[in-house]
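Novice: Count the sequence shown with my numbering and you get residues 6 to 456, in order. Where is the CB? At the ideal position from N, CA and C, for every residue including glycine. Structure in structure tokens, see below.
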Amino acid sequence: MQVFGSSGVRGVANEAVTPAFALRVAKAAGSVWEAPRVALGRDTRRTGGMLANAVAAGLASVGADVDRVGVVPTPALQAYAAREGVPAVMVTASHNPPEYNGLKLVGSDGVELSVEAIEGVEEALLAEAFDETAWDETGADRTVEGARREYVEELLAAVDRERIADAGLTVALDPGHGAGALTSPEFFRELGCRVVTVNAQRDPHFPGRDPEPVPENLSDLGRLVRASDADVGIAHDGDADRAIFFDESGEFVRGDATFAALAAAELDPGDAVVSAVNVSQRLVDVCEDVGADLELTPIGSTRIMTRIGQLEAAGRTVPIAGEGNGGVIFPDYRVTRDGAFTGARFLELLAERPMSEVVAPFDDYVNVRVNVAYADESERDAMLAAAERYAERADASVTTTDGYRLDYGDAWVLARPSGTEPVVRVYAEAHDETRMRELADALVAEMEDAR
């Protein structure tokens with residue numbers, strides 16, 4: 006795909022992602038869908054209204070009525086799409102910095118479009134094959150009230166409220182000024198938790214922290230957990246489709262560890278799990294212990310959800326899927342990443358044991374991710390060529406599903422281009438910090454020399 010990346014299309018707003026571009030994407034999607042109605046939502050970014058207006062205009066120009074659901078988490082828009090049986094466009098850049106924005110396309114089943122469906126939209130976009138209609142057949146525009154509340158009610162119905170309420174948990178919550186600020190505090194309180202918050206005001210400038218829920222952005226949440234004597238800390242990204250956790254002592258818990266803990270609680274022998282090529286050995290170990298099959302895809306929610314659909318169509322059971330970045334999918338609930346739902350499912354695990362004990366079996370690996378920036382495609386290509394040469398020389402098992410992953414038995418390292426930013430990401434994992442750093446630093450140095 007030339008335009009759409011691993012999770013939609015993103016870039017700096019009003020530079021790479023302009024109103025004119027959003028208009029064209031909406032025309033292409035509306036022309037391919039041929040749907041009488043399309044839902045439209047956005048996160049809290051400053052440029053969200055501008056781009057949403059462009060999307061609405063593009064959809065109306067090809068004859069689609071537009072249901073504007075306003076500022077909502079991405080999973081709330083997906084819930085609306087599934088409930089109403091209409092496709093949807095979400096204006097969001099997820100975890101990217103405030104200056105970014107983007108577009109995510111959702112089918113009428115509430116699931117992100119498959120790779121094949123996205124390629125169809127991209128083909129129409131590049132060919133400018135838009136089914137523009139006559140003036141008296143253009144679409145209408147309406148504001149939808151209550152989508153956030155309906156989403157919260159669906160969440161409440163889908164989790165074990167009694168188990169969570171009986172545990173008497175205190176939740177420290179950091180929605181990061183994003184769309185989750187409008188739903189998650191209410192949701193966790195209605196689960197019977199005491200909820201204390203930081204960065205819980207909707208703000209287009211994200212003054213408290215950047216949207217990505219990584220340790221360097223979440224120091225306030227760690228302090229809040231300790232100050233409030235909370236049982237757990239939960240952080241979201243900008244559109245609240247991820248959940249990242251802190252334990253009861255205010256220590257950051259890696260998403261790979263929480264994903265493995267959730268998988269261990271969900272899986273039975275013979276089940277399938279879908280994750281990406283940067284999967285942690287933690288999840289590999291869980292699958293081997295349980296007797297479940299691990300299916301790997303290129304990185305990105307679109308690829309993972311596409312594979313879930315293929316496996317379920319073949320009669321396989323997929324209780325859980327996702328990535329170690331906090332984006333977990335429970336297909337029996339909905340084939341979508343949902344930070345609030347993931348948070349609640351983890352609270353169910355905390356009903357009998359503290360967070361630190363739940364994740365302790367999955368805490369024997371260390372990880373790092375390094376972003377190596379490039380200025381243009383020639384620099385990117387030079388770095389990837391260097392990674393390929395490095396892989397050819399390495400005494401390791403090499404996987405090229407998405408970039409170059411080198412498995413050494415006791416550790417692994419991966420280099421692959423980001424689908425949303427002008428960087429090549431290098432991931433490494435090992436049992437100890439020294440080994441991890443050696444692997445990451447060696448590959449980064451090779452690529453930087455080539456650049």
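Classify I304 as helix, strand or coil using the three-state DSSP reduction.
Specialist: The answer is coil: DSSP assigns I304 none of H, G, I, E or B.
Novice: If we ignore side chains and look at the alpha-carbon of each, how far apart do G457 and G35 end up?
Specialist: Limits of the chain in this structure are 6 at one end and 456 at the other, which puts residue 457 out of reach.
Novice: Restricting to Cα atoms, I'd like to know which of A18, R73, I334, P78 is closest to D244.
Specialist: Out of A18, R73, I334, P78, P78 has the C-alpha closest to the C-alpha of D244.
Novice: Count the other C-beta atoms from every protein chain shown that fall within 10 angstroms of the C-beta of F38, then say buried if there are 16 or more, exposed otherwise.
Specialist: Checking the displayed sequence, the identity of residue 38 turns out to be Trp instead of Phe. By the neighbour-count rule (16 or more Cβ atoms within 10 Å), W38 is buried.
Novice: With a 10 Å radius around its C-beta and 16 neighbouring C-beta atoms as the bar for buried, classify A4 as buried or exposed.
Specialist: Nothing can be reported for residue 4, as the shown portion of the chain is limited to 6 through 456.
Novice: I believe G54 touches G144 by the beta-carbon criterion, under 8 Å. Please report the beta-carbon distance rounded to the nearest angstrom.
Specialist: Not a contact, Cβ separation roughly 19 Å.
Novice: Select from V43, A240, R51, E362 the residue whose C-alpha is nearest the C-alpha of A61.
Specialist: V43
Novice: Would you tell me roughly how many angstroms separate the C-alpha atoms of G238 and R73, rounded to the nearest one?
Specialist: Cα to Cα, G238 sits roughly 32 Å from R73.
Novice: Would you report the Cα separation of R51 and A184, rounded to the nearest angstrom?
Specialist: Distance between the alpha carbons of R51 and A184 is about 12 Å.
Novice: Which first and last residues belong to the beta strand (DSSP E) in which W140 is found?
Specialist: It is not in any beta strand (DSSP E) - W140 carries neither H nor E in the DSSP assignment.
Novice: Rounding to the nearest angstrom, what Cα-Cα distance links F26 and V279 in this structure?
Specialist: Taking C-alpha positions only, F26 is separated from V279 by approximately 33 Å.
Novice: Taking only the alpha-carbon atoms, compute the straight-line gap between A262 and A139 and give it to the nearest angstrom.
Specialist: 55 Å
Novice: Give the secondary structure of F211 by DSSP, where H, G and I count as helix, E and B as strand, and everything else as coil.
Specialist: coil
Novice: Let's see if you can read the secondary structure: which residues bound the alpha helix (DSSP H) around E362?
Specialist: 360 to 364
Novice: Are the beta-carbon atoms belonging to D242 and G181 less than 8 Å from one another?
Specialist: yes
Novice: Please state whether the Cβ-Cβ distance between G82 and V71 is less than 8 Å.
Specialist: A small fix is needed here, since residue 82 is Leu in this sequence, not Gly. Between L82 and V71, the gap from beta carbon to beta carbon reaches 8 Å or more.
Novice: Can you check the region 79 to 134 for any beta strand (DSSP E) of at least 3 residues that lies completely inside it and give the ranges in chain order?
Specialist: 93 to 96, 105 to 111
Novice: Comparing alpha-carbon positions, which option in E256, L223, E384, D136 lies nearest D234?
Specialist: Nearest C-alpha to D234: E256.
Novice: Relative to the alpha-carbon of A281, which residue among A265, E426, L301 has its alpha-carbon at the smallest distance?
Specialist: L301
Novice: Are the CB atoms of A33 and L130 within a distance shorter than 8 Å?
Specialist: Their beta carbons are under 8 Å apart, which means L130 touches A33 by this criterion.
Novice: Please name the residue, chosen from Q286, E382, G305, A277, that lies closest to D246 on a Cα-to-Cα basis.
Specialist: G305
Novice: Taking D236 as the reference, which of G173, T439, T425, D290 has the closest Cα?
Specialist: G173
Novice: For V14 and D171, I'd like the C-alpha separation in whole angstroms.
Specialist: 43 Å
Novice: Candidates D400, V323, D48, A59: which alpha carbon is nearest T188's?
Specialist: With respect to the C-alpha of T188, the residue from D400, V323, D48, A59 having the closest C-alpha is D48.
Novice: Go to G238, then tell me how far its beta strand (DSSP E) extends in each direction, as first and last residue.
Specialist: In the DSSP annotation of this structure, the continuous segment of the beta strand (DSSP E) that includes G238 starts and ends at 237 to 240.
Novice: Please name the residue in G327, D294, C292 whose C-alpha comes closest to that of R308.
Specialist: G327
Novice: Which residues mark the beginning and the end of the beta strand (DSSP E) in which E434 is found?
Specialist: 428 to 435
Novice: Within a Cβ cutoff of 6 Å, which residues of the same chain sit near Y432, ignoring the five residues on either side of it in sequence?
Specialist: N283, R374, L419
Novice: Residue range of the alpha helix (DSSP H) that T525 falls in?
Specialist: Nothing can be reported for residue 525, as the shown portion of the chain is limited to 6 through 456.
Novice: Which residue's Cα is closest to the Cα of D337: Y156, F346, G331?
Specialist: Closest by alpha carbon: F346.
Novice: Please list the terminal residues of the continuous alpha helix (DSSP H) segment that includes P274.
Specialist: Premise fails: P274 is in no alpha helix (DSSP H) and is neither H nor E.
Novice: If I'm right that A392 touches E453 with Cβ under 8 Å, what's the distance once you round it to whole angstroms?
Specialist: Incorrect: roughly 11 Å between the Cβ atoms, too far for contact.
Novice: Does the Cβ-Cβ distance between S113 and P92 come in under 8 Å?
Specialist: For S113 and P92, yes; Cβs fall inside 8 Å.
Novice: Bridge partners for D179 per DSSP, in chain order?
Specialist: A240
Novice: In whole angstroms, what is the alpha-carbon distance linking A98 and R421?
Specialist: Those two C-alpha atoms are separated by around 20 Å.
Novice: Over the uninterrupted beta strand (DSSP E) stretch that includes T439, give me the two end residues.
Specialist: T439 -> not in any beta strand (DSSP E); alpha helix (DSSP H) instead, spanning 438 to 455.
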